[in-house]
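Numbering (this note's numbering), first residue to last: 814 to 1077. What follows is one structure encoded as structure tokens, with my remarks underneath.
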Amino acid sequence: IRTLTAQAGDCVIQLATDRQWLFADEAAMDLVRRIARTEMGFFGSAPSDQITVLLSANDITGNERFDVYGVHTGSSVLVMLDHDTTWGMLEEQAASVIAHEMFHGWLGEAVRQTDPTMLWFTEGATTWYAARMLTAAGIWPTDHARGVLGARLDRDYVNNGLLGRMSVSDAAAEVMASGEQVRYGYAGGVSACMALDEMLAQASGRTRPLDEVVRRLYRDRRGQPLTRQGLEETIAAVTGVRCGPWLDTYVYGKTTLPPVKSML
């Protein structure tokens, strides 16, 4: 295994890989470093003293094209790629998986995901913020990020057969369900987070209030499990808004989420 390291404050950022790729290790290290520093800047600190990203190749093939796959534990991220991944593919596709799984170091690990009924928020927020972090880091152009999010929401939420038949929370809670349900739950989570942010902004007059909510969860509830009560209390502390009825309608109920004016 080859490793490269960079330093960001008190945090060591590490890239590790056991394969030769069609791109240079140094270029991949710079990509990982930019993502890590952007996410650390958003939260104000690192969730641990080391963030490691391991790039490996998928050795299992099937009839369908292999998608990039990522998993996280603590602040370590494993990203499995096609053997023939190019630099362009790494930037356009794998970067979102790296940013997503790395963001879980804060939301999912430091603020622990233990309640399946909160997966809509943990996964939805992380997916949304991954796209925003890539834009902030200068890795994705804004139009590309907007296009990726828009296409996913149209395909997996708006045009999903489960829309109106199953709540977003119930769909996201069953991570081993059918592909249709998992896609609906996760895309619905993204839609819910964006719509919640817009509702809170209109009610409170704040710009992107969910940003401060996520940061406050990390600051005040680090090491604690994420609960609906904790989320609602944090939202109320930041914005003064009691969002329980809204969540009951759009997340835990089956009402279609309202469209948002701005994804990013």
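C-beta: ideal position from N, C-alpha, C; glycine also.
Spatial neighbours of residue i in its chain, beta-carbon cut-off 6 Å, leaving aside the 5 residues before and after
i	result
A986	P929, T930, L932
G921	T935
S982	T930, W933, V1064, Y1065
L1013	P1022, T1052, V1054
R832	A870
L835	T899
R996	D969
Presumed contact (8 Å Cβ cut-off) between residue i and residue j, rounded CB distance
i	j	result
V910	G887	Rounded, the Cβ-Cβ distance is 17 Å, inconsistent with contact.
T830	L867	7 Å
P860	G918	4 Å
A984	L947	Not confirmed; about 26 Å, so no contact.
A907	V881	5 Å
L1077	R945	6 Å
T1069	L976	6 Å
R846	I952	Going by Cβ atoms, the distance from R846 to I952 rounds to 11 Å, so no, they are not a contact pair.
Sheet register partners of residue i (DSSP bridge)
i	result
M893	S869, Y882
D818	In the sequence under discussion, the amino acid at residue 818 is Thr, which differs from the Asp named in the question. Answer is Q827.
R779	Residue 779 is absent from the structure shown; the chain starts at 814 and stops at 1077.
Q863	V825
Cβ shell of residue i (< 7 Å), same chain only, five flanking positions each side left out
i	result
A773	There is simply no residue 773 to check, as the chain begins at 814 and stops at 1077 in what is shown.
T1020	A1014
P1071	A1008
Close beta carbons around residue i, own chain, < 8 Å, minus the five adjacent residues each side
i	result
L1044	M931, F934, V1026, L1030
R925	G1036, Q1037, P1038, L1039
T1047	V1026, R1029, L1030, D1033, R1034
A821	R846, A849, R850, M853, A859
Span separating the alpha-carbon of residue i from that of residue j
i	j	result
A923	A849	15 Å
S1075	G854	23 Å
S869	T818	17 Å
T939	L1023	12 Å
T898	R978	38 Å
G1018	K1067	28 Å
V1073	R815	44 Å
Q1042	M902	40 Å
C824	D862	5 Å
W958	F856	One detail in the question is off: residue 958 reads as Ala in this sequence, not Trp. Looking at the two C-alpha atoms, the distance is approximately 21 Å.
T873	G960	Per the sequence shown, the amino acid found at residue 873 is Ile instead of Thr. Distance between the alpha carbons of I873 and G960: 30 Å.
V988	G963	22 Å
Y942	E914	11 Å
Q994	C1056	25 Å
P1058	F916	28 Å
A1049	S980	23 Å
Below-7 Å beta-carbon distance, residue i vs any chain B residue
i	result
T930	The structure shown contains no chain B, having only a single protein chain.
Touching by the beta-carbon criterion (3+ pairs, under 8 Å), the stretch 1029-1045 and the stretch 999-1018:
Three or more Cβ pairs closer than 8 Å define a contact, and the stretch 1029-1045 falls short of that threshold against the stretch 999-1018.
Counting Cβ pairs, one atom from each stretch, are 3 or more of them under 8 Å apart for the stretch 817-828 and the stretch 838-850?
Yes, they touch.
For the structure I just gave you, are there three or more beta carbon pairs, one from the stretch 963-974 and one from the stretch 995-1002, closer than 8 Å?
These segments touch.
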